[in-house]
Amino acid sequence: MTNLNGKTAIITGSSRGIGADVAKLLAADGAAVVVNYRQKAPRANKVVAEIEAAGGKATAVGADLTTAEGVQSLVDAAVTNFGGLDVLVLNASGGMETAMGEDYALRLNRDAQVAMLQAAAAVMPSGSRVVFVTSHQAHFINQVATMDAYEPVARSKRAGEDALRELIPELEAKGISFVVVSGDMIEGTITATLLDRAQPGAIEARRNEAGKLYTVAEFAAEVAKAVSADVPTGHTEYVGGAVGFRD
Numbered sequence: 011m012t013n014l015n016g017k018t019a020i021i022t023g024s025s026r027g028i029g030a031d032v033a034k035l036l037a038a039d040g041a042a043v044v045v046n047y048r049q050k051a052p053r054a055n056k057v058v059a060e061i062e063a064a065g066g067k068a069t070a071v072g073a074d075l076t077t078a079e080g081v082q083s084l085v086d087a088a089v090t091n092f093g094g095l096d097v098l099v100l101n102a103s104g105g106m107e108t109a110m111g112e113d114y115a116l117r118l119n120r121d122a123q124v125a126m127l128q129a130a131a132a133v134m135p136s137g138s139r140v141v142f143v144t145s146h147q148a149h150f151i152n153q154v155a156t157m158d159a160y161e162p163v164a165r166s167k168r169a170g171e172d173a174l175r176e177l178i179p180e181l182e183a184k185g186i187s188f189v190v191v192s193g194d195m196i197e198g199t200i201t202a203t204l205l206d207r208a209q210p211g212a213i214e215a216r217r218n219e220a221g222k223l224y225t226v227a228e229f230a231a232e233v234a235k236a237v238s239a240d241v242p243t244g245h246t247e248y249v250g251g252a253v254g255f256r257d
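For the sequence shown, the positions run 11 to 257 when my numbering is used.
Structure (structure tokens):
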């Protein structure tokens, strides 16, 4: 996929942060975009307004990805509003919230990711692409320990990546490619803020080790590039090089 004109993309968790920036970038490249939010409609509507003001196409859809209804509503919105679905960016994640139940991380980071992909793949044509967004801390959790406060989330995201990778043969049969984008701690994200609160100094320590931590805008640009990158299915893009994880 080299041109997004006439294409449609769903970006989960895109009312703010990385997802919002990815939505704007894909829209600027010609894609019609489904902006997903769970609760904050005003933020999602603002993203849509910015895209439309720049001449792009977008719609906001409130959907809880841990429910079958929520997942299907995103696919239906893409088909109804824009005629199809060509790109799925699996950006939504969580698990550090304290009021969502003990199993929330696994339900969102594994089960919801699989359900979203399966629902999307049912309508995606050959040549489509799926991009799964994760962190080095999650991707390498079986080889490199992470902070105690983040370990349950990291393991649930790794479980999600593993479950999605198991679907690659099914996706290949449909001509759909699957790419993973893995990033370090991202400056300014909610997760980084919560981790630094749970373990003061964690962000600075990781910044010193890695040499640089990407901003939300910088990382979003890398995710957007993965949508049309000439890489094989199953490829993992290590944004920032994964210093301390791969060496």
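Just so you know, even glycine gets a beta-carbon here, dropped at the ideal spot from N, CA and C.
Since this is a predicted model, take the numbers as computed values, not measurements.
Do you know whose CA, among Y224, E60, G137, A131, lies nearest L177's CA?
-> A131
For T77, which of helix, strand or coil comes out of DSSP?
-> coil
Since I20 and L95 are thought to touch, with beta carbons under 8 Å apart, how far apart are those beta carbons, to the nearest angstrom?
-> 6 Å
Under 8 Å, do S166 and G105 count as touching if we go by C-beta distance?
-> yes
If you draw a straight line from the C-alpha of T214 to the C-alpha of A68, how long is it?
-> The identity of residue 214 in the sequence shown is Glu, whereas the question assumes Thr. If I take the Cα positions, the gap works out to 37 Å.
Report yes or no: do three or more beta-carbon pairs, one from the region 168-185 and one from the region 133-150, lie closer than 8 Å?
-> yes
From R175, D86, L75, residue whose alpha carbon lies closest to that of N114 = The question names Asn, but residue 114 in the sequence shown is Tyr. Closest by alpha carbon: L75.
Pick from A236, A88, E228, N218: whose alpha carbon is nearest that of V43?
-> A88
Between the CA atoms of G93 and V241 - distance to the nearest angstrom = 27 Å
Taking 8 Å as the cut-off, decide whether the C-beta atoms of V140 and L98 are in contact.
-> yes
Could you check what DSSP says for G211 in three-state terms: helix, strand or coil?
-> coil
Buried or exposed: which applies to K17, given that a residue is buried once 16 or more other Cβ atoms fall within 10 Å of its Cβ?
-> buried
Going straight from the alpha carbon of G185 to that of M134, what length do you get?
-> 9 Å
In or out: K50 buried (at least 16 other Cβ within 10 Å) or exposed?
-> exposed
Could you check what DSSP says for I196 in three-state terms: helix, strand or coil?
-> coil
Kindly list the residues whose CB is nearer than 7 Å to the CB of A230, restricted to its own chain and excluding five residues on each side of it in sequence; keep chain order.
-> I28, D31, V32, L35
F229 - containing alpha helix (DSSP H), residue span | 226-236
Identity of the residues DSSP links to N46 by a beta bridge | V71
Rounded C-alpha distance that separates T201 from G137 = 33 Å
For the beta strand (DSSP E) containing L98, list its first residue and its last residue.
-> 97-100
So A164 packs on V124, CB below 8 Å; how close in whole Å?
-> Actually they do not touch by this definition, with Cβ atoms about 18 Å apart.
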